[in-house]
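No gaps in the numbering here: position 286 of the sequence shown is 286 in this note's numbering, and each next residue is one more.
Some notes on the structure that comes next.
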Amino acid sequence: MNNGLKIIIVVNDSIVRKTFSAMIAENKDVKETLLAANCKIAMARIKQNDFDLMLLDIGMPDCLDSIKTIYRDYPHTSIIMVSNSSTDAGNMIIEALEYGAIDVLPRIDQNTPEAVLQDTKNRLKILLKISFGRRSIQKTKALIKDGLENEFNHTKPMPGESTFFLQDHSETAKTQASLAKLQPHPADLRIEVVVIGVSTGGPNALARVIPNLPANFNTPVLIVQHMPEFLTQHLAANLDQKSVLKVQEAVDGDELKPGAVYLAPGGKHMVVTQRKMSDKSQPQKVITLNNDPPENSCRPSVDVLLMSIAASYHGNVLVVIMTGMGSDGMKGIKALKEKGGYCLSQTKDTCAVYGMPRAVDEAGLSDEKIPLENMAERIIALTQKS
1 MNNGLKIIIV
11 VNDSIVRKTF
21 SAMIAENKDV
31 KETLLAANCK
41 IAMARIKQND
51 FDLMLLDIGM
61 PDCLDSIKTI
71 YRDYPHTSII
81 MVSNSSTDAG
91 NMIIEALEYG
101 AIDVLPRIDQ
111 NTPEAVLQDT
121 KNRLKILLKI
131 SFGRRSIQKT
141 KALIKDGLEN
151 EFNHTKPMPG
161 ESTFFLQDHS
171 ETAKTQASLA
181 KLQPHPADLR
191 IEVVVIGVST
201 GGPNALARVI
211 PNLPANFNTP
221 VLIVQHMPEF
231 LTQHLAANLD
241 QKSVLKVQEA
251 VDGDELKPGA
261 VYLAPGGKHM
271 VVTQRKMSDK
281 SQPQKVITLN
291 NDPPENSCRP
301 SVDVLLMSIA
311 ASYHGNVLVV
321 IMTGMGSDGM
331 KGIKALKEKG
341 GYCLSQTKDT
351 CAVYGMPRAV
361 DEAGLSDEKI
371 PLENMAERII
381 ALTQKS
């Protein structure tokens, strides 16, 4: 396939390399796959070839430096990380995700359980479609730049093009974001809690929102980030280090406090309930964690949290849906809006993956579409008492 993806797999274990290579070979959108045993070999090949996607083992020497170099010198090359579930690599994975790596997949070998193998295959298939969609976006921009708009307008979409798009953060997108005009504060809005739902591209997006909330921000914030269990504690610690607000991985029984930020732990649903505390006259909002079945193939799930929020609050809720695959959060937002809740969705041009925001936008549930650059500012404005 002449216009397919060019991929390089950079893993030091030959079995893992071959396993991922076999998975990728099943995809019709792939033109060529090259293998490299270390980052030095990979970087030499990247200088000679135009790769669309790199699968990179996060545990190899010089891995993080390679990621920084790629996003500086070869920004059209997307990166998917490969890692075992060791917490040792957690901080490095979070840092790589903040630099722009789009996802992390488990290391796959002959001992991998069948359920994990199938889940990885499914995720990889979606990520390849997203990367193929990005190729279409880049082709559009190249044609426009060359003055071939008319030719492009008469070109049919590429077969297999994804309905989710991995966006290219161009200067045009940045300009549009900087010119976005914020709407006034709705007069009757009284926000008691902020809920953020995010998936693919989330660590990068959260790092541009949470640290920009000020010390006098007095509303509790609940975050559901789709992420493996061993990573959420590292994400919480990373955000906490950068923020003036206290950011923590949620613990069962946590009482919601003004200005505190709670991140749902990977592998558990986070819900909010009302509980009578012995030292307080009124019932308090507390976090409960559970192992109920996944919702929308996710645990934690944005929908599960929002449904509990709808039962605990009277519509005084701000929901923020940011970059990510799928539609998790859409059903919960619908329930909240029936009670008067308010929803912000991240704009398509600033999403890493326009999936979750797209579902909300197309369902007519978003009150405002906000560029990532303006998201923190808008959250602050909406939570201020009018």
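Even glycine gets a Cβ: it sits at the ideal position worked out from N, Cα and C.
No experiment lies behind these values; they were computed from the predicted model shown.
Distance, residue 302 Cα to residue 332 Cα:
Start at 1 with the first residue of the sequence shown, and residue 332 comes out as number 332. Start at 1 with the first residue of the sequence shown, and residue 302 comes out as number 302. Between residue 332 and residue 302, the C-alpha separation is close to 7 Å.
Taking the C-alpha atoms as reference points, what is the distance between residue 8 and residue 267?
The residue you call residue 8 lines up with position 8 of the sequence shown. The residue you call residue 267 lines up with position 267 of the sequence shown. Residue 8 and residue 267: Cα-Cα distance of roughly 30 Å.
For residue 204, name the three-state secondary structure that DSSP assigns.
Mapped onto the sequence shown, residue 204 falls at position 204. Helix, per DSSP.
Put residue 234 into one of helix, strand or coil per three-state DSSP.
Along the sequence shown, read from residue 1 onward, the residue named residue 234 stands at position 234. Helix.
With a Cβ-Cβ cutoff of 8 Å, do residue 225 and residue 202 count as a contact?
Here the question's residue 225 lines up with position 225 in the sequence shown. Here the question's residue 202 lines up with position 202 in the sequence shown. Taking 8 Å as the Cβ cut-off, residue 225 and residue 202 qualify as a contacting pair.
Would you kindly report the start and end of the unbroken alpha helix (DSSP H) that includes residue 312?
Locating residue 312 in the sequence shown gives position 312, counting from the first residue. Residue 312 -> alpha helix (DSSP H) spans 302-312.
For the putative contact between residue 356 and residue 199, defined by C-beta atoms under 8 Å, what is the C-beta separation to the nearest angstrom?
In the sequence shown, the residue the question calls residue 356 occupies position 356. In the sequence shown, the residue the question calls residue 199 occupies position 199. Residue 356 to residue 199, Cβ: 6 Å. Contact.
Candidates 105, 361 and 77, of which the one nearest residue 90 by Cα:
Taking the sequence shown and counting its residues from 1, the one referred to as residue 90 is at position 90. For the residues 105, 361 and 77, the minimum Cα distance to residue 90 belongs to 105.
Would you mind sorting residue 378 into buried or exposed? The rule is 16 or more other CB atoms within 10 Å of its CB.
Reading the sequence shown from its first residue, position 378 is the one you call residue 378. Buried.
Using the three-state DSSP reduction, which class does residue 118 fall into: helix, strand or coil?
Here residue 118 refers to the residue found at position 118 of the sequence shown. Residue 118 falls in the helix class under three-state DSSP.
Rounded separation between residue 376 and residue 208 - CA only:
Here residue 376 corresponds to residue number 376 of the sequence shown, with the count starting at 1. Here residue 208 corresponds to residue number 208 of the sequence shown, with the count starting at 1. Going by the C-alpha atoms only, they are around 8 Å apart.
If I measure Cβ to Cβ from residue 324 and keep anything under 7 Å in the same chain, skipping five residues before and after, which residues do I get?
Locating residue 324 in the sequence shown gives position 324, counting from the first residue. Here the set comprises 198, 199, 200, 201, 202, 226, 353, 355 and 356.
For residue 215, which residues from the same chain have a beta carbon less than 6 Å from its beta carbon, with the 5 sequence-adjacent residues on both sides left out?
Your numbering for residue 215 matches position 215 in the sequence shown. Answer for residue 215: 244, listed in chain order.
How should residue 300 be labelled, buried or exposed, when 16 other C-beta atoms within 10 angstroms of its C-beta is the threshold for buried?
Residue numbering aside, residue 300 sits at position 300 when the sequence shown is read from its first letter. When all chains shown are included, residue 300 counts as buried.
Check whether the segment 28-36 touches the segment 59-66, taking contact to mean three or more Cβ pairs, one atom from each stretch, closer than 8 Å.
no
Exposure label - residue 269; buried when at least 16 CB within 10 Å
Counting from 1 along the sequence shown, the entry for residue 269 is found at position 269. Buried, because 16 or more other Cβ atoms sit within 10 Å of the Cβ of residue 269.
Looking at residue 52 and residue 78, is the spacing between their C-beta atoms short of 8 Å?
Counted from its first residue, the sequence shown places residue 78 at position 78. Counted from its first residue, the sequence shown places residue 52 at position 52. In this structure, residue 52 lies closer than 8 Å to residue 78 by Cβ.
Whole beta strand (DSSP E) elements within the segment 236-295, 3-residue minimum
246-249, 260-263, 269-275 and 284-290
Can you tell me the Cα-Cα spacing of residue 102 and residue 340, whole angstroms?
Along the sequence shown, one-based indexing puts residue 102 at 102. Along the sequence shown, one-based indexing puts residue 340 at 340. Roughly 34 Å between the two C-alpha positions.
From this set, 240, 327, 81 and 348, which residue's C-alpha is nearest residue 56's C-alpha?
By 1-based counting over the sequence shown, the position of residue 56 is 56. Ranked by Cα distance from residue 56, the first of 240, 327, 81 and 348 is 81.
Just the C-alpha distance for residue 319 and residue 194, rounded to the nearest angstrom, thanks.
Walking along the sequence shown from the start, residue 319 turns up at place 319. Walking along the sequence shown from the start, residue 194 turns up at place 194. Looking at the backbone, the Cα of residue 319 and that of residue 194 are separated by about 6 Å.
Through-space distance from residue 218 to residue 11, alpha-carbon basis:
Here residue 11 is taken as the residue at index 11 of the sequence shown, counted from 1. Here residue 218 is taken as the residue at index 218 of the sequence shown, counted from 1. Using only the alpha carbons, I get a separation of about 46 Å.
Can you give me the Cβ contacts of residue 298 inside the same chain, cut-off strictly under 7 Å, excluding the 5 residues immediately before and after it?
Translated into the one-based positions of the sequence shown, residue 298 becomes position 298. For residue 298, where only same-chain residues beyond five positions count, the Cβ hits under 7 Å are 226 and 328.
Note down, in chain order, each residue of its chain lying with its Cβ closer than 7 Å to the Cβ of residue 369, except the 5 sequence neighbours on either side.
Taking the sequence shown and counting its residues from 1, the one referred to as residue 369 is at position 369. 345, 347 and 361.
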